[in-house]
Amino acid sequence: MEETRTKKNPSRKECEDIIRRILMTEVLEKGKNQHFKNATDFMRYFESLYPASDSLTKQVQRAVRSLEMPKDKNGYFIINKTQSQMEHDKDISRLLNKSQASFSSLDECETLFLKVDEKYKSYLLQLITESITFKDKYVTVLESNNGLIFYTENKTTLKLLIESLLE
29 MEETRTKKNP SRKECEDIIR RILMTEVLEK GKNQHFKNAT DFMRYFESLY
79 PASDSLTKQV QRAVRSLEMP KDKNGYFIIN KTQSQMEHDK DISRLLNKSQ
129 ASFSSLDECE TLFLKVDEKY KSYLLQLITE SITFKDKYVT VLESNNGLIF
179 YTENKTTLKL LIESLLE
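When we follow the numbering used here, the leftmost residue of the sequence shown carries the number 29, and every step to the right adds one.
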C-alpha cells in the first residue's frame with residue numbers, strides 16, 4: 029500500500045518567513061519590489077508548494093496582515109521598513125523640503141579650533157552664531173569638548189577676527 033502524502037498548510041509564521049524571503053529576493057534582484065501589492069500576488073508561489081485551498085489563501089492573508097508592511101507610493105510592499113519608520117521618514121522628508129535643505133561640501137574647508145572654558149562655550153557659540161560680524165566668516169561651527177570647532181573657507185580671516193576680539 030502506497031502512502032500518499034499531502035503537504036499541510038503552512039503556519040502563519042511560516043507564511044511570514046516565506047513572504048519575507050520572497051520580498052528580500054525581489055529587492056536584491058531588482059532593487060525594489062515591483063510585483064507584490066497584496067496577498068493574492070503571493071498565492072502562485074504558495075500554491076506551487078501547497079495544495080490550493082481557501083484555508084491557504086486565508087493563512088497567507090493573515091501573514092501579510094500581521095507583517096504590517098507599509099507600501100510605497102505605487103502600492104507595492106516595502107520589506108525593510110515598518111509603518112512607524114515610514115511615518116518617521118515622511119516627517120523627515122517634509123521638514124527637509126520645508127527647510128530647503130541642501131548639501132554643502134566641507135572638503136574645501138579648513139578647520140580652526142578655538143579653545144574655550146567649558147562654562148562659557150555654549151554662550152559664546154550662541155553669540156557667534158547670532159553675530160553679524162561673524163556671519164560670512166565660517167561655514168559651520170560646532171561645540172566640542174574643550175571649545176569650538178569652526179569649518180571655514182578662509183581660516184586666516186576668521187583667525188584674525190577672533191584674535192582682534194581677544195585683545
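Backbone N, C-alpha and C define an ideal beta-carbon position, used for all residues, glycine too. Just so we're clear, the structure is a prediction, and the values are computed from it rather than from any experiment.
The beta-bridge partner set that DSSP reports for S172 consists of G175.
Look at K163 here: in three-state DSSP terms it is coil, with no helix or strand label. The segment 47-57 makes contact with the segment 101-113; the number of CB pairs closer than 8 angstroms reaches 3 or more. By the Cβ rule, the segment 137-157 counts as touching the segment 168-184, because three or more pairs are nearer than 8 angstroms. Using a Cβ-Cβ distance cut-off of 8 angstroms, the segment 112-132 and the segment 149-157 are not in contact, since fewer than three pairs of beta carbons, one from each stretch, lie closer than that value. In the structure shown, L134 falls within a coil segment according to DSSP collapsed to helix, strand and coil. If only uninterrupted alpha helix (DSSP H) runs of at least 4 residues are considered, those enclosed by the segment 54-103 are 71-77 and 82-95. When beta bridges are read from the DSSP output, K143 appears opposite G175.
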